[in-house]
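A.B. asks:
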Amino acid sequence: MIPIWPLGVGIVGARFRRMEISPKLKEYLDNNRSVYRDSLPPITDPDESLHIDSLSVIRLVAFLENEFGSRIEDEELIADNFATLWQLGQLLATKTPTGPTGEAKLPSTVRLKKE
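Mapping to this note's numbering: the sequence shown position 87 is 536, numbers consecutive.
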């Protein structure tokens with residue numbers, strides 16, 4: 450497992466969250482990052498470039514917010530924060546996850562009024 454939070458950042462709770470979140474985030478990145486629609490090998494080094502484009506960053510932010518409840522502010526949507534797993538971990542270390550939020554779902558039946 451590659452830790453996504455730098456050691457020594459935050460309190461014991463942050464270290465616990467690192468162990469909990471790291472496998473899910475790494476799996477997501479390994480399965481969803483791409484450059485020009487080509488597959489990339491799995492991440493093996495936290496300082497390795499993630500090679501994600503702007504659309505992939507938006508998808509990653511949606512994943513983080515839905516899966517972990519980690520709100521990423523607009524001001525934080527800069528390339529440096531998403532360049533490597535280590536830098537992403539530093540950004541996430543500043544967050545207090547609220548837990549999974551789940552994706553917005555439509556009701557199973559939608560009734561439309563006929564006119």
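Idealized CB from N, CA, C, for every residue including glycine.
Since the model is a prediction, treat every value here as computed from it, not as a measurement.
Under a three-way DSSP split, which group does Ser519 fall into?
C.D. replies: Correct three-state label for Ser519: coil.
A.B. asks: Would you say the stretch 540 to 547 touches the stretch 502 to 510, given that touching needs at least three Cβ pairs under 8 angstroms?
C.D. replies: No: fewer than three Cβ pairs fall under 8 angstroms.
A.B. asks: Per DSSP, Ser498 is paired with what?
C.D. replies: Looking at the DSSP assignment, Ser498 forms a beta bridge with Thr533.
A.B. asks: Output the distance between the C-alpha atoms of Gln539 and Asp496, rounded to the nearest integer angstrom.
C.D. replies: Cα-Cα distance, rounded: 12 angstroms.
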